[in-house]
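Report on one structure; see the data block that follows.
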Amino acid sequence: MKEIDWEQRRYEIAKEMLPITCDRRKPYWNKIRGEEVVAAVAYADALIEELKKNSYGKND
39 MKEIDWEQRR YEIAKEMLPI TCDRRKPYWN KIRGEEVVAA VAYADALIEE
89 LKKNSYGKND
C-alpha cells in the first residue's frame, strides 16, 4: 500500500478550502488576503489531524 504524502494532501485541501474562506459579500472578495490563507491551512491541518487520529491512511 502506498504511503500518504501528508504535505501534498495538506496543500490540496488548503487549495480547495481557500475559496470557501473568502467572503464573497465583501468588495475585495477576488483578492486573497493573509487571513484567508491562514484559515484554509488551519482547516487542512484540522482535517489531517483527525484523519491521522482515526488511523485513516495508515499502512496496516
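Numbering-wise, the sequence shown is residues 39 to 98 according to my numbering. Heads up, the beta-carbon is just placed ideally off N, CA and C, and yes, glycines get one too. Predicted model only: the values in this text are computed from it and were never measured.
- Per the C-alpha coordinates, the member of 85, 57 and 44 positioned closest to residue 72 is 57.
- Taking residue 52 as the centre and dropping the five residues before and after it, the same chain places the C-beta of 78, 79 and 82 closer than 6 Å to its C-beta, in chain order.
- Residue state for residue 43 is assigned as coil, using DSSP reduced to three classes.
- Ranked by Cα distance from residue 43, the first of 86, 60 and 70 is 86.
- In the structure shown, the three-state DSSP call for residue 71 is coil.
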